[in-house]
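In what follows, a structure is listed as structure tokens, so that the remarks can point back to it.
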Amino acid sequence: MIADNFAQTDYSSLAPNTSPPTPASNVNITGTASESYLVASNALTTTSGNISGKNIYRLATDPNTTITSIPAFEFFQDFTSPTSTRTLTYNFTNKFTKQPQPVSNLSLSVFDIDANYLDYRDPMTNKYRYEFKDAIKVVGYDVNGDAVTPQVNSRGPNITNNNGSSMNYQNVYNKGIVCTNSVADSNCQISYTFTTPIVSLDITYGNDTVTNNIYYTDPLLSQ
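Residue 51 in our numbering is what sits at position 51 of the sequence shown, and the numbering runs on without skipping anything.
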């Protein structure tokens with residue numbers, strides 16, 4: 001047995017001073033950004049890569065995005081291309097050893113997986129015109145770097161169920177916004193659980209590029 005005494009300054013390193021911990025102020029991500037969330041002796045570090053377009057990461061302040069009193073995090077992306085994607089990576093790291101820390105039974109929910117049909121079908125191509133049609137993919141990685149597919153616990157009635165094989169998106173046509181923006185509507189929610197311990201997590205966001213009879217356009221430029 002090894003015994004030790006904590007100094008007064010050690011206690012502040014064991015847990016955050018606020019509950020839940022909050023991130024830094026809103027940031028426009030142009031490279032790599034990291035933050036730590038202290039949970040006992042471990043820390044969660046988030047890292048986001050840069051891609052063309054505007055990336056904003058912030059703590060949600062809208063009451064409608066607060067799930068059972070736990071604040072959600074919002075990610076804003078202004079893509080330069082309808083086929084662009086953005087991947088947010090969460091790396092789980094031991095605070096003291098700085099080594100990957102496996103996390104068991106991790107669960108997460110993604111909200112506002114929406115679509116905006118622009119009330120127009122191109123007579124030449126017979127395709128539906130959309131401003132956006134959100135798509136999401138969640139994949140974890142174990143200590144060996146092998147991909148781990150999560151289980152889908154619940155999803156909106158029109159959200160596809162592809163697990164980690166491809167993107168999940170709203171399987172709807174001829175329909176405007178499915179859920180009000182920034183509202184935690186279960187119609188636009190998908191929840192995952194990892195039954196295998198993981199040390200990192202990738203969340204990839206983009207547009208539905210699987211469906212063949214749709215295309216994307218900026219409504220301000222096409223009217």
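Positions of the beta carbon are idealized from the N, C-alpha and C atoms, including for glycine.
Worksheet item: Between Thr160 and the rest of its own chain, which residues show a CB-CB distance below 7 Å, the 5 nearest in sequence each way excluded?
Response: Same-chain partners within the cutoff: Asn168, Tyr169, Asn171.
Discussion item. For a cutoff of 8 Å on Cβ pairs, would you count Val152 as touching chain C?
Written reply: The chain labelled as chain C is not found in the depicted structure, where only one protein chain is given.
Discussion item. Pop quiz: Thr87 and Thr204 are said to be a contact at Cβ under 8 Å. What is the actual Cβ separation, rounded to whole angstroms?
Written reply: That pair is a contact at about 5 Å.
Fill in: Neighbour-count burial assignment, Thr195, 16 or more Cβ in a 10 Å radius
Exposed, because fewer than 16 other Cβ atoms sit within 10 Å of the Cβ of Thr195.
Worksheet item: Exposed or buried, which one is Gly53 when buried takes at least 16 other CB atoms within 10 Å?
Response: Bear in mind that a pLDDT of 44 at Gly53, under 50, signals an unreliable position, so the number given afterwards is only what the model happens to contain. It counts as exposed.
Fill in: Limits of the unbroken beta strand (DSSP E) element including Asn92
As written in the sequence, residue 92 is Phe, which differs from the Asn given in the question. From DSSP, the beta strand (DSSP E) with Phe92 extends over 86-94.
Discussion item. Taking only three categories from DSSP, how would you classify Asn168?
Written reply: Secondary structure of Asn168 (DSSP, three-state): strand.
Item to complete: Report the residue from Tyr141, Ser154, Asp185 whose alpha carbon sits nearest the alpha carbon of Leu201.
Response: Ranking Tyr141, Ser154, Asp185 by Cα distance to Leu201 puts Tyr141 first.
Worksheet item: In angstroms, rounded to a whole number, what distance separates the CA positions of Thr97 and Val143?
Response: Their backbone Cα atoms lie some 15 Å apart in a straight line.
Worksheet item: Shortest alpha-carbon distance to Ile136 belongs to which of Ser104, Thr211, Arg129, Asn207?
Response: With distances taken between CA atoms, Ile136 lies nearest to Asn207 out of Ser104, Thr211, Arg129, Asn207.
Item to complete: Starting from the Cα of Asp134, find the closest Cα among Val148, Gln151, Pro197, Thr85 and give me that residue.
Response: The shortest C-alpha to C-alpha distance from Asp134 to any of Val148, Gln151, Pro197, Thr85 is the one to Thr85.
Discussion item. As a quick exercise: from Tyr90, Val199, Arg155, pick the residue whose alpha carbon is nearest that of Asn187.
Written reply: When the alpha-carbon of Asn187 is set against those of Tyr90, Val199, Arg155, the nearest one is in Arg155.
Practice prompt. Return yes when at least one heavy atom of the ligand FMN lies under 7 Å from the C-beta of Pro197, else no.
Written response: For the structure depicted, the ligand FMN is absent and the ligand set is empty, with no information on it obtainable.
Worksheet item: Nearest to Asp119 by CA position, among Val110, Phe111, Arg129, Ile113, is which residue?
Response: Of the listed residues, the one whose Cα sits closest to Asp119 is Arg129.
Worksheet item: Going by the beta-carbon positions, is the gap between Ser166 and Ser107 smaller than 8 Å?
Response: Pairing Ser166 with Ser107 gives a Cβ-Cβ distance that is not under 8 Å.
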